[in-house]
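Quick notes on the structure that follows.
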(Lines of atoms letter the chains of each structure in order from A and count residues from 1; the text may use other names and numbers.)
(Lines give C-alpha, C1' and ligand atoms only; values in the text may rest on other atoms or scores of the structure.)
Protein backbone atom coordinates (compact mmCIF):
# COMPACT_ATOMS: atom_id res chain seq x y z
CA UNK A 1 0.00 0.00 0.00
CA UNK A 2 1.26 3.48 -0.87
CA UNK A 3 1.93 5.85 2.06
CA UNK A 4 -0.96 8.09 3.10
CA UNK A 5 -1.31 11.37 1.22
CA UNK A 6 -2.66 14.10 3.51
CA UNK A 7 -4.09 17.28 1.98
CA UNK A 8 -4.16 20.24 4.40
CA UNK A 9 -6.90 22.88 4.12
CA UNK A 10 -6.02 25.91 6.32
CA UNK A 11 -8.82 28.03 4.85
CA UNK A 12 -12.05 29.66 6.01
CA UNK A 13 -14.44 27.36 7.86
CA UNK A 14 -17.75 27.35 5.98
CA UNK A 15 -19.92 26.27 8.92
CA UNK A 16 -18.00 28.10 11.68
CA UNK A 17 -16.85 31.44 10.17
CA UNK A 18 -15.36 32.54 13.50
CA UNK A 19 -12.55 29.96 13.18
CA UNK A 20 -9.22 31.68 12.50
CA UNK A 21 -7.09 30.85 9.45
CA UNK A 22 -4.14 32.54 7.67
CA UNK A 23 -5.18 35.56 5.62
CA UNK A 24 -1.85 36.89 4.30
CA UNK A 25 0.58 35.49 1.75
CA UNK A 26 3.23 35.04 4.45
CA UNK A 27 0.68 33.46 6.78
CA UNK A 28 -0.42 30.89 4.19
CA UNK A 29 3.20 29.99 3.41
CA UNK A 30 4.02 29.65 7.11
CA UNK A 31 0.99 27.46 7.79
CA UNK A 32 1.85 25.37 4.74
CA UNK A 33 5.31 24.74 6.18
CA UNK A 34 3.79 23.77 9.55
CA UNK A 35 1.38 21.38 7.85
CA UNK A 36 4.27 19.88 5.89
CA UNK A 37 6.17 19.30 9.12
CA UNK A 38 3.06 17.73 10.68
CA UNK A 39 2.69 15.23 7.84
CA UNK A 40 0.83 16.89 4.95
CA UNK A 41 2.18 16.55 1.42
CA UNK A 42 -0.40 18.85 -0.26
CA UNK A 43 -1.59 22.36 0.64
CA UNK A 44 -5.09 23.20 -0.63
CA UNK A 45 -5.29 26.99 -0.72
CA UNK A 46 -7.81 29.64 -1.75
CA UNK A 47 -5.03 32.16 -2.34
CA UNK A 48 -6.77 34.96 -0.45
CA UNK A 49 -10.03 35.22 -2.38
CA UNK A 50 -12.32 36.73 0.26
CA UNK A 51 -15.59 35.13 1.24
CA UNK A 52 -17.64 37.58 -0.82
CA UNK A 53 -15.80 36.61 -3.98
CA UNK A 54 -15.86 32.89 -3.34
CA UNK A 55 -19.55 32.65 -4.20
CA UNK A 56 -19.47 35.48 -6.72
CA UNK A 57 -17.69 36.42 -9.92
CA UNK A 58 -14.66 38.52 -9.01
CA UNK A 59 -12.26 35.72 -8.17
CA UNK A 60 -9.84 38.08 -6.42
CA UNK A 61 -6.77 36.19 -5.27
CA UNK A 62 -3.00 36.40 -5.12
CA UNK A 63 -2.34 33.09 -6.83
CA UNK A 64 1.26 33.65 -7.95
CA UNK A 65 2.37 35.25 -4.70
CA UNK A 66 0.95 32.42 -2.63
CA UNK A 67 2.41 29.70 -4.87
CA UNK A 68 5.88 31.29 -4.91
CA UNK A 69 5.93 32.03 -1.17
CA UNK A 70 4.67 28.57 -0.23
CA UNK A 71 7.35 26.90 -2.34
CA UNK A 72 10.01 29.12 -0.80
CA UNK A 73 8.91 28.06 2.69
CA UNK A 74 8.71 24.28 2.14
CA UNK A 75 8.44 21.53 -0.46
CA UNK A 76 4.71 20.94 0.10
CA UNK A 77 2.73 20.57 -3.13
CA UNK A 78 0.37 23.45 -3.98
CA UNK A 79 -3.24 22.73 -4.91
CA UNK A 80 -5.23 25.83 -5.90
CA UNK A 81 -8.85 25.60 -4.82
CA UNK A 82 -11.94 27.72 -5.44
CA UNK A 83 -13.58 25.43 -7.99
CA UNK A 84 -16.52 27.84 -7.92
CA UNK A 85 -14.55 30.12 -10.23
CA UNK A 86 -14.12 30.00 -13.99
CA UNK A 87 -10.88 29.14 -15.75
CA UNK A 88 -10.18 32.77 -16.61
CA UNK A 89 -10.65 33.81 -12.98
CA UNK A 90 -7.89 31.37 -12.01
CA UNK A 91 -5.65 31.56 -15.08
CA UNK A 92 -2.87 33.06 -12.94
CA UNK A 93 -2.69 29.79 -11.00
CA UNK A 94 -2.05 27.93 -14.25
CA UNK A 95 0.51 30.45 -15.46
CA UNK A 96 2.30 30.25 -12.10
CA UNK A 97 2.53 26.47 -12.55
CA UNK A 98 0.54 25.32 -9.53
CA UNK A 99 0.97 21.59 -8.96
CA UNK A 100 -2.79 21.03 -9.03
CA UNK A 101 -5.99 22.98 -9.60
CA UNK A 102 -9.33 21.90 -8.10
CA UNK A 103 -12.13 21.31 -10.63
CA UNK A 104 -15.68 20.36 -9.65
CA UNK A 105 -17.26 17.69 -11.86
CA UNK A 106 -20.85 18.81 -11.31
CA UNK A 107 -23.13 21.68 -10.32
CA UNK A 108 -22.24 23.60 -7.13
CA UNK A 109 -25.13 23.60 -4.65
CA UNK A 110 -23.99 24.19 -1.07
CA UNK A 111 -25.61 25.85 1.96
CA UNK A 112 -23.19 27.39 4.45
CA UNK A 113 -23.44 29.61 7.52
CA UNK A 114 -23.06 32.96 5.74
CA UNK A 115 -24.36 32.20 2.24
CA UNK A 116 -25.65 29.62 -0.21
CA UNK A 117 -23.50 28.71 -3.18
CA UNK A 118 -25.38 27.84 -6.37
CA UNK A 119 -23.26 27.76 -9.54
CA UNK A 120 -23.73 25.84 -12.80
CA UNK A 121 -20.65 24.16 -14.29
CA UNK A 122 -21.50 22.80 -17.77
CA UNK A 123 -19.63 19.91 -19.36
CA UNK A 124 -17.96 22.24 -21.87
CA UNK A 125 -16.28 23.99 -18.94
CA UNK A 126 -14.82 20.66 -17.81
CA UNK A 127 -13.34 20.14 -21.26
CA UNK A 128 -11.90 23.67 -21.22
CA UNK A 129 -10.32 23.07 -17.82
CA UNK A 130 -8.90 19.68 -18.86
CA UNK A 131 -7.24 21.15 -21.93
CA UNK A 132 -5.78 24.04 -19.93
CA UNK A 133 -4.29 21.53 -17.49
CA UNK A 134 -2.49 19.80 -20.34
CA UNK A 135 -1.36 23.08 -21.87
CA UNK A 136 0.12 24.42 -18.62
CA UNK A 137 1.16 21.00 -17.25
CA UNK A 138 -0.96 21.41 -14.13
CA UNK A 139 -2.71 18.30 -12.79
CA UNK A 140 -6.48 18.57 -12.32
CA UNK A 141 -7.81 17.54 -8.93
CA UNK A 142 -11.42 16.56 -9.56
CA UNK A 143 -14.10 17.07 -6.91
CA UNK A 144 -16.45 14.08 -6.79
CA UNK A 145 -19.68 14.85 -4.91
CA UNK A 146 -21.86 11.97 -6.13
CA UNK A 147 -21.91 9.28 -8.83
CA UNK A 148 -22.95 11.83 -11.47
CA UNK A 149 -19.53 13.40 -10.98
CA UNK A 150 -17.99 10.04 -11.86
CA UNK A 151 -20.09 9.82 -15.02
CA UNK A 152 -18.70 13.17 -16.20
CA UNK A 153 -15.13 12.09 -15.42
CA UNK A 154 -15.62 8.86 -17.36
CA UNK A 155 -16.79 10.92 -20.34
CA UNK A 156 -13.63 13.04 -20.21
CA UNK A 157 -11.51 9.89 -20.04
CA UNK A 158 -13.36 8.23 -22.93
CA UNK A 159 -12.88 11.34 -25.07
CA UNK A 160 -9.14 11.40 -24.36
CA UNK A 161 -9.20 14.67 -22.42
CA UNK A 162 -7.41 13.40 -19.30
CA UNK A 163 -4.02 11.92 -18.45
CA UNK A 164 -3.84 9.38 -15.64
CA UNK A 165 -3.55 8.93 -12.80
CA UNK A 166 -6.81 10.74 -12.05
CA UNK A 167 -6.58 12.79 -8.86
CA UNK A 168 -9.96 12.92 -7.13
CA UNK A 169 -11.46 14.14 -3.86
CA UNK A 170 -14.74 12.60 -2.68
CA UNK A 171 -16.92 14.90 -0.54
CA UNK A 172 -19.23 13.69 2.24
CA UNK A 173 -21.61 15.58 4.52
CA UNK A 174 -21.19 19.01 2.93
CA UNK A 175 -24.63 20.67 3.30
CA UNK A 176 -26.74 21.71 0.33
CA UNK A 177 -28.13 20.12 -2.81
CA UNK A 178 -24.93 18.15 -3.46
CA UNK A 179 -24.97 16.63 0.06
CA UNK A 180 -24.19 12.95 0.42
CA UNK A 181 -24.35 10.86 3.61
CA UNK A 182 -21.12 10.92 5.65
CA UNK A 183 -20.99 7.16 6.13
CA UNK A 184 -18.48 4.43 5.45
CA UNK A 185 -21.13 2.69 3.35
CA UNK A 186 -21.41 5.72 1.04
CA UNK A 187 -17.61 5.97 0.81
CA UNK A 188 -17.21 2.30 -0.15
CA UNK A 189 -20.03 2.49 -2.70
CA UNK A 190 -18.73 5.60 -4.44
CA UNK A 191 -15.17 4.33 -4.27
CA UNK A 192 -16.25 1.14 -6.06
CA UNK A 193 -17.53 3.27 -8.98
CA UNK A 194 -14.30 5.20 -9.52
CA UNK A 195 -12.45 4.54 -12.79
CA UNK A 196 -9.28 2.49 -12.81
CA UNK A 197 -6.26 4.68 -12.26
CA UNK A 198 -7.97 6.99 -9.73
CA UNK A 199 -6.02 8.33 -6.76
CA UNK A 200 -8.73 9.18 -4.23
CA UNK A 201 -8.89 11.49 -1.21
CA UNK A 202 -11.83 11.92 1.19
CA UNK A 203 -13.21 15.19 2.58
CA UNK A 204 -15.78 15.00 5.40
CA UNK A 205 -17.61 17.94 6.92
CA UNK A 206 -18.76 16.80 10.35
CA UNK A 207 -18.07 14.63 13.37
CA UNK A 208 -18.28 11.49 11.21
CA UNK A 209 -14.92 12.45 9.76
CA UNK A 210 -12.91 9.88 11.72
CA UNK A 211 -15.02 6.91 10.54
CA UNK A 212 -14.56 7.64 6.83
CA UNK A 213 -10.97 8.82 7.25
CA UNK A 214 -9.92 5.56 8.91
CA UNK A 215 -11.76 3.55 6.25
CA UNK A 216 -9.92 5.51 3.56
CA UNK A 217 -6.57 4.97 5.28
CA UNK A 218 -7.21 1.23 5.49
CA UNK A 219 -8.28 1.08 1.83
CA UNK A 220 -5.22 2.89 0.49
CA UNK A 221 -6.83 6.29 -0.13
CA UNK A 222 -5.84 9.77 1.07
CA UNK A 223 -7.37 12.19 3.55
CA UNK A 224 -8.12 15.90 3.28
CA UNK A 225 -8.24 17.70 6.63
CA UNK A 226 -8.17 21.21 8.06
CA UNK A 227 -10.20 24.19 9.16
CA UNK A 228 -12.07 24.31 5.84
CA UNK A 229 -13.42 20.79 6.26
CA UNK A 230 -13.92 20.21 10.00
CA UNK A 231 -11.88 22.17 12.58
CA UNK A 232 -12.40 19.91 15.60
CA UNK A 233 -10.16 17.02 16.67
CA UNK A 234 -11.18 13.68 18.16
CA UNK A 235 -11.19 15.12 21.69
CA UNK A 236 -13.67 17.81 20.67
CA UNK A 237 -11.07 20.60 20.71
CA UNK A 238 -10.99 23.41 18.15
CA UNK A 239 -7.63 23.13 16.35
CA UNK A 240 -5.60 24.78 13.64
CA UNK A 241 -4.89 22.81 10.49
CA UNK A 242 -1.36 21.72 11.39
CA UNK A 243 -2.68 20.20 14.62
CA UNK A 244 -5.40 18.33 12.71
CA UNK A 245 -2.84 17.06 10.19
CA UNK A 246 -0.60 15.82 13.01
CA UNK A 247 -3.51 13.92 14.58
CA UNK A 248 -4.38 12.22 11.28
CA UNK A 249 -0.75 11.31 10.64
CA UNK A 250 -0.53 9.73 14.09
CA UNK A 251 -3.74 7.75 13.49
CA UNK A 252 -2.39 6.45 10.18
CA UNK A 253 0.93 5.40 11.65
CA UNK A 254 -0.81 3.75 14.60
CA UNK A 255 -2.60 1.37 12.24
CA UNK A 256 0.53 0.59 10.25
CA UNK A 257 0.46 3.00 7.30
CA UNK A 258 3.26 5.49 6.82
CA UNK A 259 2.65 9.08 5.69
CA UNK A 260 3.77 10.32 2.26
CA UNK A 261 6.34 13.04 1.73
CA UNK A 262 5.66 15.60 -1.02
CA UNK A 263 8.22 13.78 -3.20
CA UNK A 264 6.38 10.49 -2.74
CA UNK A 265 3.02 12.15 -3.37
CA UNK A 266 4.33 13.73 -6.56
CA UNK A 267 5.29 10.30 -7.88
CA UNK A 268 2.06 8.60 -6.80
CA UNK A 269 -0.15 11.32 -8.29
CA UNK A 270 1.84 11.79 -11.49
CA UNK A 271 2.40 15.50 -10.84
CA UNK A 272 4.18 17.17 -13.74
CA UNK A 273 7.80 18.25 -13.24
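Residue numbers (my numbering): 2 to 274.
Glycine included, each C-beta is placed from N, C-alpha and C at the ideal position.
Remember, predicted model here, so these are calculated numbers, not experimental data.
Residue 35 is classed as buried because its beta carbon has at least 16 other beta carbons within 10 Å across all chains shown.
With 16 or more neighbouring CB atoms inside 10 Å of its own CB, residue 267 falls in the buried class. Given a length threshold of 4 residues, each whole run of the alpha helix (DSSP H) inside the region 196–272 is given here in chain order: 210–219, 242–255 and 263–270.
Annotation: residue 77 to residue 98 spans about 14 Å, alpha carbon to alpha carbon. Leaving aside the five residues that flank residue 188 on each side, the residues in its chain whose CB is nearer than 8 Å to its CB run, in chain order, 171, 173, 203, 213, 216 and 217.
Looking at the backbone, the Cα of residue 88 and that of residue 157 are separated by about 17 Å. Annotation: residue 183 to residue 246 spans about 20 Å, alpha carbon to alpha carbon.
Around the C-beta of residue 102, 16 or more other C-beta atoms lie within 10 Å, and the residue is accordingly described as buried. Exclusion of the five residues before and after residue 6 leaves 42, 223, 261 and 266 as the residues of its chain whose Cβ lies within less than 6 Å of its Cβ. Minimum Cα-Cα distance from residue 139 among the listed residues 199, 270, 3 and 4 corresponds to 270.
A distance below 9 Å separates the beta carbons of residue 45 and residue 227. In this structure residue 80 is buried. Its beta-carbon is surrounded by 16 or more other beta-carbon atoms within 10 angstroms. One Cα belongs to residue 118, the other to residue 180, and the distance between them is close to 13 Å. For the pair residue 13 and residue 240, the Cα-to-Cα distance works out to about 13 Å.
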